[in-house]
Amino acid sequence: MGSGEPNPAGKKKKYLKAALYVGDLDPDVTEDMLYKKFRPAGPLRFTRICRDPVTRSPLGYGYVNFRFPADAEWALNTMNFDLINGKPFRLMWSQPDDRLRKSGVGNIFIKNLDKSIDNRALFYLFSAFGNILSCKVVCDDNGSKGYAYVHFDSLAAANRAIWHMNGVRLNNRQVYVGRFKFPEERAAEVRTRDRATFTNVFVKNFGDDMDDEKLKEIFSEYGSTESVKVIRDASGKSKGFGFVRYETHEAAQKAVLDLHGKSIDGKVLYVGRAQKKIERLAELRRRFERLRLKEKSRAPGVPIYIKNLDETIDDEKLKEEFSSFGSISRAKVMVEVGQGKGFGVVCFSSFEEATKAVDEMNGRIMGSKPLHVTLGQARRRW
DNA sequence: TTTGAGCGG
Numbered sequence: 001m002g003s004g005e006p007n008p009a010g011k012k013k014k015y016l017k018a019a020l021y022v023g024d025l026d027p028d029v030t031e032d033m034l035y036k037k038f039r040p041a042g043p044l045r046f047t048r049i050c051r052d053p054v055t056r057s058p059l060g061y062g063y064v065n066f067r068f069p070a071d072a073e074w075a076l077n078t079m080n081f082d083l084i085n086g087k088p089f090r091l092m093w094s095q096p097d098d099r100l101r102k103s104g105v106g107n108i109f110i111k112n113l114d115k116s117i118d119n120r121a122l123f124y125l126f127s128a129f130g131n132i133l134s135c136k137v138v139c140d141d142n143g144s145k146g147y148a149y150v151h152f153d154s155l156a157a158a159n160r161a162i163w164h165m166n167g168v169r170l171n172n173r174q175v176y177v178g179r180f181k182f183p184e185e186r187a188a189e190v191r192t193r194d195r196a197t198f199t200n201v202f203v204k205n206f207g208d209d210m211d212d213e214k215l216k217e218i219f220s221e222y223g224s225t226e227s228v229k230v231i232r233d234a235s236g237k238s239k240g241f242g243f244v245r246y247e248t249h250e251a252a253q254k255a256v257l258d259l260h261g262k263s264i265d266g267k268v269l270y271v272g273r274a275q276k277k278i279e280r281l282a283e284l285r286r287r288f289e290r291l292r293l294k295e296k297s298r299a300p301g302v303p304i305y306i307k308n309l310d311e312t313i314d315d316e317k318l319k320e321e322f323s324s325f326g327s328i329s330r331a332k333v334m335v336e337v338g339q340g341k342g343f344g345v346v347c348f349s350s351f352e353e354a355t356k357a358v359d360e361m362n363g364r365i366m367g368s369k370p371l372h373v374t375l376g377q378a379r380r381r382w
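Numbered according to the UniProt record's numbering, the first sequence spans residues 1 to 382.
And the structure:
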């Protein structure tokens, strides 16, 4: 039970109409555990735990595919935030189209929440304003971190929630409720505010012999400092940058204005406002996105999946075996730790080539075993 | 104080 072959080639995925997405799962949750948990709500087709195709490590989410939409709806309404392995899971309708999620429309952010308010309480409080797609109190090992997200299915519902709940006292704490902002937007806000108030200064491009005392000597000229530190690696070697925290914003600003671009021991110092965490994260994210886009445009292709690979097949061999069907942009064998089963991906430059490879190679013996070859997920339009 | 994660071999 639990797993199975749900989607024979060419059949329509009917079960999607009665499919629930289950998020925030403990990594040890199995398909059988999901099955046992949801079977009381009605007959199931199958459950799935999603895993990284390469490492096989669980991705923390899965699916419960009911036979009847009404049972799925009942489960959604009554079982959301139930525990498996002591961890509350989050239920949503399975919605493969990610445009609404990505857009952030209807999503609100809540902070200054009392620790006693959990997922269920939050859901109950906010369901008065509209249909909730997803709702979550952010937690760590000590429980609620005091902030949360509620994603409504419409902007109007989100606006109603903000209008009615922002500034309201909940369990004696006044909550802030506002539109969700993406990191870039938040970072811009924080930057604007911090420019007028910062006391922490970032310094780089000094010599290896710079230490805390020397740095303090240079920077103390502009005001009293709270802390001065050259950042070092585990071996004690300077990383070439440091921080100076002043007691006042005026001193920090003066230091930046005066020391930035100055030569010290033949090196031109960089001195600027130290960024907040959110700003650095946003910057990293932007850089990552750019890399990802570049990667995507560099290795386009129509993927096919090859299961049941013999241990003797490596990337080279895989490419060689499939090269007669067309031009291959990528051929990779994913090694499953502790299992003898090999899984591979080959990307062709066209759909026709990929289909031909599937038709001709599926069931063919390579090495000692018959291959299972299927079309992969199309990630792009062409 | 605190602006996630994220949809199927």
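In this text, a Cβ means the ideal position worked out from N, Cα and C, and glycines have one as well.
- Item | CB-CB length for ALA274 against ASN200, believed under 8 Å | 4 Å
- Query: How do the region 96 to 107 and the region 53 to 62 stand: do at least 3 beta-carbon pairs fall below 8 Å, yes or no?
  - Reply: no
- Under 7 Å Cβ to Cβ from ARG379, same chain only, skipping five residues before and after it: list those, please. The predicted position of ARG379 is uncertain, since its pLDDT is 46 and thus under 50; no value can be drawn from it.
- Any idea if GLY106 is buried or exposed, counting beta-carbon neighbours within 10 angstroms, 16 or more meaning buried? buried
- Let me know the alpha helix (DSSP H) ranges lying completely inside the region 74 to 161, each 4 residues or longer, listed in chain order. 99 to 103, 119 to 126
- Item | Per-residue DSSP class, three states only, for ALA274 | coil
- Task: Report all residues from its chain with a CB closer than 7 Å to the CB of residue 394; omit the five preceding and five following residues, and keep chain order.
- Result: Residue 394 lies beyond the stretch modelled for the chain, which goes from 1 to 382, so this question has no answer here.
- Determine the extent of the beta strand (DSSP E) in which VAL373 is found, giving its start and end residues. 372 to 375
- Rounded separation between TYR21 and ARG364 - CA only: 36 Å
- Message: Out of ILE110, VAL244, ASP114, VAL230, which one is the CA nearest neighbour of GLY178?
- Response: ILE110
- Bridge-paired residues (DSSP) for GLN174: ARG169
- Message: Using a Cβ-Cβ cutoff of less than 7 Å, which residues in the same chain neighbour LEU16 once the five nearest sequence positions on both sides are dropped?
- Response: SER94
- Evaluate ASN124 with the Cβ neighbour count: other Cβ atoms within 10 Å of its Cβ, from every protein chain shown; 16 or more gives buried, anything less gives exposed. One detail in the question is off: residue 124 reads as Tyr in this sequence, not Asn. Exposed, since its Cβ has fewer than 16 Cβ neighbours within 10 Å.
- First through last residue of the beta strand (DSSP E) which encompasses ALA251: Premise fails: ALA251 lies in the alpha helix (DSSP H), 249 to 259, not in any beta strand (DSSP E).
- Message: Let me check understanding here. Comparing Cα to Cα, which of ALA188, LYS237, ASP194 lies closest to ASP209?
- Response: LYS237
- Message: In the DSSP output, what is ILE306 paired with across the bridge?
- Response: GLY344, VAL373
- Item | Extent of the continuous beta strand (DSSP E) run through LEU215 | Here LEU215 belongs to no beta strand (DSSP E); instead the alpha helix (DSSP H) covers 212 to 219.
- Query: So, helix, strand or coil for PHE202, using DSSP?
  - Reply: strand
- Item | Rounded separation between LYS319 and ASP52 - CA only | 22 Å
- Message: Give me the residue from ALA148, ASN131, ILE132 with the minimum Cα distance to ASP118.
- Response: ALA148
- Residues near ARG326 in its chain [Cβ-Cβ closer than 8 Å; skip 5 each side]: First, the residue type needs correcting, since residue 326 is Gly and not Arg in the sequence shown. The answer, listed in chain order, is PHE348, SER349, SER350, GLU352, GLU353, ALA354, LYS356, ALA357.
- Measuring CA to CA, which of THR197, ARG191, ARG280 is closest to ARG245? THR197
- At least 3 beta-carbon pairs within less than 8 Å: the region 181 to 189 vs the region 268 to 288: yes
- Item | Straight-line Cα distance separating MET92 from ASN171 | 28 Å
- Item | CB-CB length for TRP322 against VAL346, believed under 8 Å | The amino acid occupying residue 322 in the given sequence is Phe; Trp does not appear at that position. Going by Cβ atoms, the distance from PHE322 to VAL346 rounds to 5 Å, so yes, they are a contact pair.
- Query: So the alpha helix (DSSP H) TYR35 belongs to, where does it begin and stop?
  - Reply: 31 to 38
- Spatial distance of PHE241 from PHE206 (CA atoms): 7 Å
- Return the CA-CA distance between PRO40 and GLY344, expressed in angstroms with no decimal places. 37 Å
- Going by alpha carbons, who is nearest to ASP24 out of MET366, SER134, ASP258? SER134
- Query: Between LYS262 and the rest of its own chain, which residues show a CB-CB distance below 7 Å, the 5 nearest in sequence each way excluded?
  - Reply: LEU269
- Sheet register partners of LYS229 (DSSP bridge): PHE243
- At what residues does the alpha helix (DSSP H) containing LEU44 begin and finish? Run containing LEU44: none in the alpha helix (DSSP H); it sits in the beta strand (DSSP E), 44 to 51.
- Query: Out of curiosity, what's the CA-to-CA distance linking LEU44 and LEU76?
  - Reply: 14 Å
- Using the C-alpha atoms, what's the distance from MET366 back to ARG298? For ARG298, the predicted structure reports a pLDDT of 49, less than 50, and the residue's modelled location is therefore unreliable. A value from the coordinates is still provided. Computed Cα separation, rounded: 30 Å.
- Message: Using 9 Å as the threshold, is the C-beta distance between LYS216 and VAL203 below it?
- Response: no
- Please list, in chain order, all residues of the same chain as ASN65 whose beta carbon is under 6 Å from its beta carbon, the five residues on each side excluded. TYR15, ALA19, ARG45, PHE46
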